[in-house]
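Okay, so here's the structure we're looking at.
There are 2 protein chains.
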Amino acid sequence: MDIAHYMQTVGHNARHASRAMARADSNAKNSALRAIAAAIRRDADGLVAANQRDLNAARAAGLEAALLDRLTLTPKGVAAMAEGVEQVASLPDPVGEISDLKFRPSGIQVGRMRVPLGVIGIIYEARPNVTADAAALCLKSGNASILRGGSEALHCNQAIAALVHEGLACAGLPADAVQVIGTTDRAAVGHLITMRDNVDVIVPRGGKGLIARLLAESRVPMIQHLDGNCHVYLDDTADPDKASRIVENAKTQRYGTCNTAESLLVARAVAANLLPPIAAMLSGKGVEMRGCPETLSIIAQARPASEEDYAMEFLAPVISIKIVDGINEAIEHINRYGSHHTDAIVTENHAAAMRFLREVDSASVMINASTRFADGFEYGLGAEIGISTDKIHARGPVGLEGLTSQKWVVFGNGEVRA
Amino acid sequence: MDIAHYMQTVGHNARHASRAMARADSNAKNSALRAIAAAIRRDADGLVAANQRDLNAARAAGLEAALLDRLTLTPKGVAAMAEGVEQVASLPDPVGEISDLKFRPSGIQVGRMRVPLGVIGIIYEARPNVTADAAALCLKSGNASILRGGSEALHCNQAIAALVHEGLACAGLPADAVQVIGTTDRAAVGHLITMRDNVDVIVPRGGKGLIARLLAESRVPMIQHLDGNCHVYLDDTADPDKASRIVENAKTQRYGTCNTAESLLVARAVAANLLPPIAAMLSGKGVEMRGCPETLSIIAQARPASEEDYAMEFLAPVISIKIVDGINEAIEHINRYGSHHTDAIVTENHAAAMRFLREVDSASVMINASTRFADGFEYGLGAEIGISTDKIHARGPVGLEGLTSQKWVVFGNGEVRA
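If you read the sequences in order, they're chains A and P.
Numbering follows my numbering, in which position 387 of the first sequence is assigned residue number 933; successive positions increment by one, without gaps.
Numbering follows my numbering, in which position 34 of the second sequence is assigned residue number 580; successive positions increment by one, without gaps.
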């Protein structure tokens, strides 16, 4: 079967299965999820063995260490995978909720019903845990999913797919509700992102390069997450303790996450007071500082920042620092150089806090809290399929609700329009 | 200035103005809207004269009658335009609303704030009333807008733009908050739909051909409205009076609107009873009926329906009719042939009503009410920028809320992530 025909079949089957998933009740979906988790636990050895095959091939092909690391599935990883699927089972079902139902002068009652999106395509790197995770979230939200993981994880992904299908069958749900693409042909992605009739949304998970490429070629709406160039702005009324605690956590808790702060802005009035202890802390942790000329005059260890540094997601122990006039320049700088992901202000001034909240055009905007909180679990979503830096549909962490939309429902009793 | 450079400048200025619009308070936005309405009333003669220039040129160019009709702006049309803008002023401001604010175990409070989308591009045919209408909705929702109307309406659109700018200036809002493209160069559209950096969403208003073309070429998310192939399904427990009233209203109240019913499905058990009086009514109004073989055996006047007829948006006194087994086949037929716009069931059976509501995958799903109710005013949105048949972001009638999104806001007191 050629790849175009194969993908058309996958899409067609997904659309068909999505109808059954949309009407599946919570019990069926939760039973399937629990059966999948049980099967994953039961077949832990098989999954680890399948992963070994992938790892051997990847090593032979000279895959780099960081990618091998993400590809690796340990027995502990398998247990976490099963637990994650069970956690999704325990979340409330978003589907079917009717809200805002009100009578209109015509006599009809108008409201909104939360419904699945339909068919969701997930494109991700060679990380087997994402396969179970994404399948579980799409299943619980009543969607059919088409999963296309990095080809290096093919054996393990196929093994997970078999267990997912076993769980779906236990609950009487169609196997095509979760389809894991069984070919490493790269053309599959090109078809997936252009099958408008049978794919309702694409969720890309992976590096900036991957997402930019998909974005340029996709004909299907995408819940994208490009990059996280997050800022912490220390306002002129910032509490010094909160400032240093938040900068430390936002920058140094983890260097490789998208909600890590990459840039520090400081109001001129307090820079000379606030920056030295923060610089000492950062320096002590081995964080390279790249600052504006004024910053250099306060922090001896800092190097000069280039224009590009302010737009950079370092994903490393590096931070850009800029001294600004105050909140106006801070907001302007963030909206210009930021990536609309997550930005925080440290301030004791209510008006400044509220202006920052309203005017910073980012998916998450925070007052006196670490940017590291931008996360589905921390926000109470239970789990996330990704973090959107798009502005329509869902912004920020996307949980089950972000995989649904609301349609209008009208209850009448024979009313007609005048 | 070449067109690429011109459009880049327009986009850049719109982005800049969108920052001021996002922080504008309700009073400023409402003052601007009222000033625009007053200016439109004051300059009614000038608008009609500008429209005359457009009409003369359009007639000379041999524009067809239906398009000339939509292009025409009468004194009464000007009054309605001013009234429409005032109505938007009187709607509640959706921007800034914070909802679902709750404490998390970490100590932070997490909620969502409703914010403008940013810059909205509207592409529409030569209908001057849309210019005022779209400008008002985007302004009230705190967005900057770039309006590209059909070139035949250029003079009138420019005259309206001048009055909009006068109103913005009165309220101290930036003129670039509403930009009406001042060139008839078709390349402007190509730039508008690909300027991802400076345009957040495109709302196309117009024929199916226009929208399909934009959809194929757009690199910016689109709130699209392709077509309205709406169904009325008469279930086997349908009340005959409601059935005939709803079919009459849904099909014959207006033939050219997107929420008009184009297809009638009837449960086999009641077809012989329900169809004859409905056929007599439709026939009396000159509606051509195209039916399945079973329909033909009941309705003598009907002609055979082709497969294409079931997928057709006739926008004319024509209806397709199909006799189905019952609700299963009805739902399947609608999801297959429909356009996900608006579909209604007529039934006295609760379970059937709820299944239809849940399983029909359309932006509006109705029980015992006419499809003609699918409309921003009827739903209580006050006004609509369009009706979306997309599944992400906003479905169905899109009012002020659909021109906004929700970002996450976090209130902390120095919390950091553990």
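Virtual Cβ for every residue (Gly too), placed ideally from N, Cα, C.
Every value quoted in this text rests on a predicted model; they were computed, and no experiment measured them.
Residue nearest to Y856/A within the set V778/A, V634/A, F919/A is V778/A (criterion: CA-CA distance). Look at S652/A here: in three-state DSSP terms it is coil, with no helix or strand label.
Counting other Cβ atoms within 10 Å of its Cβ, D907/A reaches 16 or more and is therefore classed as buried. Listed by position along chain A, the residues whose Cβ is nearer than 8 Å to that of N881/P are R565. By the CB criterion at 8 Å, G688/A and N775/A fall outside the cutoff.
For T555/P, the uninterrupted alpha helix (DSSP H) segment begins and ends at 549-569. Contact check for G872/P and V745/P: beta-carbon distance about 47 Å, past the 8 Å limit, so the pair fails to qualify. DSSP places P822/P inside the alpha helix (DSSP H), whose first and last residues are 814-830. Every unbroken stretch of the beta strand (DSSP E) spanning 3 or more residues and falling wholly within the stretch 822-904 of chain A is given here in chain order: 834-837, 864-870, 888-892.
Linking S809/A to G630/A through their CA atoms gives a straight-line distance of about 33 Å.
The DSSP-derived three-state label of L637/P is coil. In this chain, I757/A is not harboured by any beta strand (DSSP E); it is covered by the alpha helix (DSSP H) spanning 754-763. Fewer than three beta-carbon pairs drawn from the stretch 762-770 of chain P and the stretch 797-806 of chain P are found closer than 8 Å, and the two stretches are therefore not classed as touching. For C804/A, DSSP assigns no beta-bridge partner whatsoever. Taking T729/A as the centre and dropping the five residues before and after it, the same chain places the C-beta of I549, Y552 closer than 8 Å to its C-beta, in chain order. By the CB criterion at 8 Å, A723/P and L685/P fall inside the cutoff. Distances from the CA of I877/P to each of K831/P, L780/P, N675/P, L927/P were compared; the closest alpha carbon is that of L780/P.
Collapsing the DSSP output to three states places H777/P in a strand.
C-alpha of C804/P to C-alpha of L861/P: approximately 8 Å in a straight line. For the 8 Å CB-CB criterion, T888/P and I869/P do not form a contact. Closest option to D639/A, judged by alpha-carbon separation, among P750/A, V661/A, I668/A: V661/A.
Distance between R616/A and A672/A, taken at the CA atoms: about 7 Å.
Between the alpha carbons of S691/A and R814/A lies a distance of about 51 Å. In this structure, S951/P and K953/A do not form a Cβ contact; the two beta carbons are roughly 18 Å apart against a cut-off of 8 Å. Three or more beta-carbon pairs separated by less than 8 Å link the stretch 700-719 of chain A to the stretch 573-592 of chain A, which places the two stretches in contact. Per DSSP, I668/P is one residue of the beta strand (DSSP E) stretching across 665-670. Sequence-distant Cβ neighbours of N703/P in its own chain, meaning closer than 7 Å and more than five residues away, are P674, T677, G695, V726.
Between the C-alpha atoms of A625/P and I931/P there is a straight-line separation of about 19 Å. The Cβ atoms of P823/A and S790/A sit closer than 8 Å to each other. Per DSSP, P767/A lies in no beta strand (DSSP E) and is assigned neither H nor E. A straight line joining the alpha-carbon of F902/P with that of S916/A spans about 46 Å. Annotation: Q598/P has no Cβ neighbours in chain A at a cutoff of 8 Å; minimum Cβ distance is about 34 Å. By DSSP's assignment, S809/A forms a beta bridge with H777/A, S866/A. The three-state reading of DSSP puts K937/A in coil, since its state is none of H, G, I, E or B. Closest in C-alpha terms to V892/P, from the list L811/P, G830/P, R904/P, comes L811/P.
Taking 7 Å as the cut-off between beta carbons, the residues of the stretch 755-773 of chain P near chain A are P767, in sequence order.
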